[in-house]
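Let me begin by presenting the structure, written as structure tokens, before commenting on it.
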Amino acid sequence: MKGNEEGGKEGGREGRMVIFFVKEEVDNEERVEEGGKEEEGKETERGETENGKKQGTRDCPDGRECAPPPRGKRGDGEPVGSAEEGRRTEGLSAAFLAFLCLSFLLTPRSRKDTPPVIGNAWPLFGHFFLFLKSPINLIKSSYQTYGSVFTVNLFTQRMTFLIGPEAAAAFFKASDKELGQDEVYGFMKAVFGEGVVYDSDPKKRNLQMQRTANALKSGRLRTYVEKITEETEAFFKGWGEAGEVDICEALSDLIILTASRCLHGDDVRQELFAEVSKLYNDLDQGITPVSVLFPNLPIPSHWKRDAARKEMVKLFSKVIQRRRAAGTAEAEARTDILQVFMDIEYKDGSKITDDEVTGLLIALLFAGQHTSSITSSWTALYLAQNKGLQDRVYAEQVAIRGQDTGSEAALRALDFDAVGKMDLLFNCLREALRMHPPLIMLMRQCRQDLLVQSQEGKAYTVPKGSVVAVSPSVQQRLPSLFPVPDSFDPDRFAPPREEHKPLFAYVPFGGGLHACLGQQFAYVQLKTVLSLLFSKFELTLATPDGAVPPPNYHAMVVGPTAPCTVKYRRR
């Protein structure tokens, strides 16, 4: 196929098919009517009916049989039959013609240097239904047919995909003047609030992001390992010696406990965790695929979401006021992210509001909770399936932490330096993120025309107003980048292979200007949790079919499809 030419041919064929369909309807109706006339004639020739009257006669006012009215007329002279149905057919034809014209006018036109538009589009709707059914399959098949740069039409919106490191470079290297996040992620304002992240002006947002990045650097991360360890040890005490558990549910619960301790602080974790957890769940359930298109649609999930956010602001406002009343000495001793956000002062001298502090905490919890719980679940499932690899992970724990003589099964306490040495466990996490990145697409909107170079050596211009997208889910399973891509193989990240090394080949956390600020925290959190899990327990897969569950692509953030059952035995 030849890109835009093929798309044009497909569109022409669809138009001819619709016109042919209308013509067929007209012909069929005429044939049905003619058939009716023949049957009526046959009945008349067969003679009289049961009451003795001839077929086709009618009663006159004086009781005599009268001749039927002329064909095509009622008794009052009104036209019937083919004339009336002909008008209906003409109306149907006009409606189809109007639909086709509207579709043609609303479908974006292509310039010669724009990326190829994939074929098989519906009039007006474009590729919306194919995209809704399976975005991954649509992206994969389009990549195989059209190459590394191609466009799909969703109603009147163009979405151009950049697949592979060469094409994706334009996405990750672009400045905010070229590509914008606000236009495509603005629906999150309903959760994060006004003046936060995608709703803030660039200068304000840059300061918010800078403070967040500083709070998640190694200096503070050292203090978080102890907090995460305390939460994890307490959590696993409730497991007993052996049993079965849905590992995805268990790790989701544990991750939010550890995140709350590190992000919200000890006071929130100890006194308000149950309330925060419930409100967070209502916020989370209030973001659905419908919310992306209609974030303020009056539906129950949105009502609960909006009510939860108001309650979250009230709850954290009380904590903030109590902390400010306690004085600076106590504030300086705190290492949680809540305190970092409370101390933000903008360049114009204004201080951050309680509503903005709450919004930033929600944003950080949203990003961290989904990514960490899903990635830890995938990693645990693959290790439970592969005993040899699980044994290697345990051996690494013993080698790094050493055997504690006080207890035959216990290892030395974790610290930040020990976590940093766990190369195999780290590679297991990276492999889980390669195979199952939490977000199947990263998106931006073109604020000006964007020049893109494909891996096939072609140069394209993506027009201003288009949405551009990178798909980590598709890109990170390209055999040209990661051989045997459907196999869980953590050694692909170790020397000498290091398959992730090409720039922008491995992008589970994005890249460039807007790479995920929390990835360092996520890795420390996940390595600490999984180190303790596999040093304490042996896991075996106990799913219904004995396989790792497939991805749930119906979810906003893609995790394993339930159930995710494993059997565990304490070491």
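Numbered according to this note's numbering, the sequence shown terminates at residue 636, and the numbering increases by one at each position without gaps.
Using N, Cα and C, we set each Cβ at its ideal position, and we do this for glycine too.
Collapsed DSSP secondary structure at residue i in the structure displayed
i	result
K486	coil
G140	Confidence in G140 is poor, its pLDDT being 45 and thus under 50, which makes the residue's placement unreliable; the coordinate value appears in the next sentence. Three-state result, G140: coil.
E99	With a pLDDT of 45 at E99, under the threshold of 50, the modelled position of that residue is not reliable, and the figure given next carries that caveat. In this structure, E99 counts as helix in the three-state DSSP scheme.
G624	coil
Q541	coil
A373	helix
K632	strand
A587	helix
T605	strand
N116	Confidence is the limiting factor: at N116 the pLDDT is only 46, short of 50, which leaves the residue's position unreliable and the question unanswerable from this model.
Q246	coil
E309	strand
K566	coil
N617	coil
N361	coil
L582	coil
T179	coil
Through-space distance from residue j to residue i, alpha-carbon basis
i	j	result
G414	C327	28 Å
Y618	F586	26 Å
F602	Y588	21 Å
A483	T288	13 Å
V623	G575	16 Å
Q468	S437	29 Å
S596	L546	29 Å
E70	A612	Annotation note: pLDDT 40 at E70 (below 50); position unreliable, no value reported.
R466	Q209	47 Å
R499	Q541	6 Å
R562	D556	8 Å
H329	Y211	48 Å
V594	E376	30 Å
E295	P548	40 Å
L454	F558	15 Å
L543	D554	15 Å
F196	M506	12 Å
G392	F406	16 Å
V527	S519	12 Å
F637	Q584	As shown, the chain starts at 66 and ends at 636. That puts residue 637 outside it, with no answer to give.
Which listed residue (the options) has its alpha carbon closest to that of residue i
i	options	result
V463	K452, A478, A449 and N451	A478
N218	K592, A534 and R636	A534
A280	I402, D371, K302 and S240	I402
E259	V333, W304 and D371	D371
V261	V422, I293 and T221	V422
S240	D331, L578 and P544	L578
I364	G351, K375, P609 and A620	G351
V182	T225, K205, L197 and P200	T225
V249	F359, F196, P200 and R334	F359
C493	W304, Y447, G530 and P180	Y447
G530	T440, S536, Q513 and D488	Q513
S342	A324, D178 and M253	A324
Buried or exposed (CB count within 10 angstroms, at least 16 for buried), residue i
i	result
V532	buried
Q434	buried
V631	buried
S317	buried
E115	Reliability fails at E115, whose pLDDT of 43 lies under 50, so the model's placement of it is uncertain and the value that follows must be treated cautiously. By the 10 Å Cβ count, E115 comes out exposed.
D349	buried
G229	buried
E231	buried
W443	buried
V355	exposed
P625	buried
M220	Correcting the residue type first, residue 220 is Phe in the shown sequence and not Met. Label assigned to F220: exposed.
T297	buried
D247	buried
K412	exposed
P614	buried
K269	buried
R652	With the chain covering 66 to 636 only, the question about residue 652 has no answer from this structure.
Proximity test, Cβ basis, 7 Å: residue i and chain E
i	result
I417	Reference to chain E is not applicable here, since this structure consists of a single protein chain.
*In chain order, which beta strand (DSSP E) runs of at least 3 residues are fully inside the region 248-288?*
none
*In chain order, which alpha helix (DSSP H) runs of at least 4 residues are fully inside the region 425-513?*
Look at the region 425-513 and you find these whole runs of alpha helix (DSSP H), each 4 residues long or longer: 452-466, 481-485 and 488-500.
*Mind listing, in chain order, the continuous beta strand (DSSP E) runs of no fewer than 3 residues lying wholly within the region 515-561?*
515-518, 524-527 and 532-535
*asked:* I'd like the ranges of any alpha helix (DSSP H) spanning at least 4 consecutive residues and lying wholly in the region 198-238.
replied: 200-211 and 230-238
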